[in-house]
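For reference, the structure is listed below as structure tokens.
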Amino acid sequence: MLSNSIKQKKLNTTKEIEDFYNFFYCFKFPIYLHKQYWDNNKKRYKTTNYYINKTKDLIREINSLHSNIYISIWNKIPMYTKLKKAKNTQENSRATNYFVIDIDSEYIIDKNLINKICFYLYNNNIVMPLPTAIISSGGGIHLYYKFKEIYIYNCKEKDYLLKLYKTAIETTKQAINNELENIKKLKPGYFTEKELFKIKTLAIDNALAGSTTQLIRLIGSYNKDAEKYCNIVDFNKNNTYTLGQLIEEFNPKYTIKNPIKRKNFKILSEKEFKEKNKIIKLNPNGFNKKDIIELNNGRLEDIKKLINLRKQEGTLVGTRQKIMCQVAWCLINNSYNGAKINILQELLDYGKLIGEEFAKEKYCREKLNHIKEYHKKRNKLTNNTISKWLELTEEEKFKLPNLWVTERSKRKIKKILKQQRINKIRTDFKNGKTVTELAKKYKISRTTIYKYISSDRNTAKKERGSTLYRYKNWTLFKDKKGQKKLLKAKKDTDKIKKEVFEMLVNGQTMQEIATELEVNRSTIYRWLKEKNVKKKE
Numbered sequence: 001m002l003s004n005s006i007k008q009k010k011l012n013t014t015k016e017i018e019d020f021y022n023f024f025y026c027f028k029f030p031i032y033l034h035k036q037y038w039d040n041n042k043k044r045y046k047t048t049n050y051y052i053n054k055t056k057d058l059i060r061e062i063n064s065l066h067s068n069i070y071i072s073i074w075n076k077i078p079m080y081t082k083l084k085k086a087k088n089t090q091e092n093s094r095a096t097n098y099f100v101i102d103i104d105s106e107y108i109i110d111k112n113l114i115n116k117i118c119f120y121l122y123n124n125n126i127v128m129p130l131p132t133a134i135i136s137s138g139g140g141i142h143l144y145y146k147f148k149e150i151y152i153y154n155c156k157e158k159d160y161l162l163k164l165y166k167t168a169i170e171t172t173k174q175a176i177n178n179e180l181e182n183i184k185k186l187k188p189g190y191f192t193e194k195e196l197f198k199i200k201t202l203a204i205d206n207a208l209a210g211s212t213t214q215l216i217r218l219i220g221s222y223n224k225d226a227e228k229y230c231n232i233v234d235f236n237k238n239n240t241y242t243l244g245q246l247i248e249e250f251n252p253k254y255t256i257k258n259p260i261k262r263k264n265f266k267i268l269s270e271k272e273f274k275e276k277n278k279i280i281k282l283n284p285n286g287f288n289k290k291d292i293i294e295l296n297n298g299r300l301e302d303i304k305k306l307i308n309l310r311k312q313e314g315t316l317v318g319t320r321q322k323i324m325c326q327v328a329w330c331l332i333n334n335s336y337n338g339a340k341i342n343i344l345q346e347l348l349d350y351g352k353l354i355g356e357e358f359a360k361e362k363y364c365r366e367k368l369n370h371i372k373e374y375h376k377k378r379n380k381l382t383n384n385t386i387s388k389w390l391e392l393t394e395e396e397k398f399k400l401p402n403l404w405v406t407e408r409s410k411r412k413i414k415k416i417l418k419q420q421r422i423n424k425i426r427t428d429f430k431n432g433k434t435v436t437e438l439a440k441k442y443k444i445s446r447t448t449i450y451k452y453i454s455s456d457r458n459t460a461k462k463e464r465g466s467t468l469y470r471y472k473n474w475t476l477f478k479d480k481k482g483q484k485k486l487l488k489a490k491k492d493t494d495k496i497k498k499e500v501f502e503m504l505v506n507g508q509t510m511q512e513i514a515t516e517l518e519v520n521r522s523t524i525y526r527w528l529k530e531k532n533v534k535k536k537e
């Protein structure tokens with residue numbers, strides 16, 4: 001609980017807060033409230049979630065002196081979890097009358113600094129929608145924007161409405177962000193150095209902005225982290241908008257820029273014009289020319305391997321034309337990026353590897369002229385397109401990493417090899433090898449092997465516990481009514497007794513007999529006693 005001295009520091013009266021929430025909330029449906037309170041028994045902060053249906057209830061919560069109270073922007077239909085806690089989801093969201101943009105800071109922003117920022121923005125031709133209300137949250141700024149009408153989510157075109165709602169918020173966020181960036185570039189003057197230092201840390205909170213589950217701090221409640229109250233700085237009921245108005249006026253997609261007419265202009269010389277309109281070309285994806293040349297050289301080496309592989313397998317015919325095209329493209333791309341090479345001679349070397357008409361100079365010249373025209377249109381090729389063009393099989397891809405391997409493909413290879421290893425371990429385990437033997441063979445810890453074998457072990461346990469396993473020595477028979485029933489198969493005990501006595505005469509131990517004939521030692525002792533009794537009689 002907070003002290004009375006803190007209670008006296010509140011700036012807004014209850015009437016002001018009541019007018020504020022009566023203006024912003026339609027209260028056709030209740031709103032969701034999330035509150036922290038101090039538990040004297042457990043001596044820690046607890047949280048509760050429930051619904052509120054009137055402004056009077058909100059003011060009661062403000063006067064309760066509990067810290068960190070948040071309310072939903074959207075009105076809700078009451079829905080509860082199994083533990084009877086109030087829900088805040090998109091499903092139970094029904095209507096809204098406004099939206100809020102939260103600007104956070106690393107430092108505490110005073111009310112005086114917020115007033116200075118607002119005064120500067122209003123007097124410097126800002127290109128952003130004026131907020132209906134500006135709130136000091138203690139640690140940042142909340143900008144409230146009121147709609148001219150209530151937007152109900154439970155309609156036929158609810159997806160379209162939600163899309164408009166999000167685009168309107170995105171446009172206002174972008175406009176505010178641009179103005180904040182302009183203020184951050186200012187030098188000390190109107191703002192002091194300390195104030196500019198705080199302003200530079202201001203940033204729009206993108207978490208849940210435009211979401212139906214967004215929560216915002218209750219005005220008049222106490223911010224425990226900043227040790228300040230959430231207060232109204234500015235409130236203007238005339239600043240209301242529609243979704244379409246926000247999108248059309250402030251989205252750069254819909255703005256038409258008029259050309260600027262210049263009366264005074266200077267005729268520039270060629271040197272001045274070139275210096276002024278200097279174009280800096282950046283390499284795509286951050287690659288240097290050296291990296292591209294190395295990449296193409298690796299591709300050309302793999303193409304040589306591919307030619308030899310397909311010669312051995314007898315699958316070269318049908319893909320020779322495509323291979324020559326790809327070689328020509330790689331050589332032209334190398335020369336384009338600054339490599340000093342004899343393109344025709346190197347293409348002839350690849351043609352000699354393939355043989356026949358591909359080794360002729362006339363063919364190679366025609367091919368180079370054709371690919372040069374193609375290279376003008378497309379001077380970048382990915383390994384994915386090259387592998388499709390050369391019709392690489394999965395076996396060939398593993399042998400030719402420069403034509404296929406990327407970060408994603410490396411992961412795929414690792415996954416495939418790992419799965420193959422797991423399959424080998426499982427087959428060895430089924431064949432009768434122990435866990436320690438498998439650990440030594442594959443150089444893995446026993447815990448990982450148990451992890452790989454867990455499914456096989458579970459299936460074996462299930463089979464042992466199954467009805468088929470239990471009744472494997474039983475036989476089926478039909479009773480008088482014709483119903484099928486199970487009957488335990490009777491063992492031929494007389495034969496087993498004879499075998500036991502013969503084995504005892506031969507000198508075998510009780511344990512050896514029991515394991516070999518699958519008979520308990522107690523039964524063998526019983527048979528011996530019965531035999532001795534018969535002899536005495």
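Once you know that position 496 of the sequence shown is 496 in the numbering used here, the rest is easy, because the numbers rise by one and skip nothing. No residue lacks a Cβ here, since even glycine has one placed at the ideal position from N, Cα and C. Only a predicted model underlies this, so the values are computations on that prediction, with no experimental measurement involved.
- Message: Does the region 291–300 come into contact with the region 329–344, if we say contact requires no fewer than three beta-carbon pairs (one atom in each stretch) closer than 8 Å?
- Response: yes
- Message: Looking at residue 28: is its Cβ nearer than 8 Å to the Cβ of residue 86?
- Response: no
- Closer than 7 Å by C-beta to residue 528: which residues in its own chain qualify, once you throw out the five before and the five after it? Chain order, please. none
- Item | Sequence-distant residues of the same chain with beta carbon closer than 7 Å to residue 524, five excluded per side | 500, 510, 513 and 514
- Task: Out of 20, 221, 187 and 328, state which residue places its alpha-carbon closest to the alpha-carbon of residue 134.
- Result: 20
- Message: Considering Cα atoms alone, identify which of 117, 35, 153 and 128 is closest to residue 90.
- Response: 153
- Message: Could you give the first and the last residue of the continuous alpha helix (DSSP H) run that contains residue 250?
- Response: 243–250
- Message: Looking at chain B, is there any beta carbon in it that lies within less than 8 Å of the beta carbon of residue 423?
- Response: Looking at the structure shown, chain B is missing, and only one protein chain is on hand.
- Task: List the endpoints of the continuous beta strand (DSSP E) containing residue 36.
- Result: 31–39
- For residue 157, three-class secondary structure by DSSP: coil
- Query: When the distance is taken between beta carbons, is residue 367 closer than 8 Å to residue 359?
  - Reply: no
- Simplified DSSP assignment, three categories, for residue 229: strand
- Query: What residue does the alpha helix (DSSP H) around residue 363 start on, and which one ends it?
  - Reply: 361–377
- Task: Kindly indicate which residue of 327, 232, 348 and 248 has the alpha-carbon position closest to the one of residue 17.
- Result: 232
- Query: residue 129: buried (16+ other C-beta within 10 angstroms of its C-beta) or exposed?
  - Reply: buried
- Query: Quick one, which of 195, 497 and 174 has its alpha-carbon nearest residue 205's?
  - Reply: 174
- So, using beta-carbon positions, are residue 77 and residue 88 closer together than 8 Å? no
- Taking residue 194 as the reference, which of 212, 209, 138 and 113 has the closest Cα? 113
- Taking the alpha-carbon positions, what's the residue 122 to residue 221 distance? 28 Å
- Query: In chain order, which alpha helix (DSSP H) runs of at least 4 residues are fully inside the region 62–130?
  - Reply: 111–122
- Nonlocal neighbours in the same chain, by C-beta distance under 6 Å from residue 541, ignoring five residues either side: In the structure as shown, the chain starts at 1 and stops at 537, and residue 541 therefore has no counterpart that could be examined.
- Message: Can you find the residues in the same chain that come closer than 7 Å, C-beta to C-beta, to residue 171, ignoring five residues on each side of it along the sequence?
- Response: 246, 247, 250 and 251
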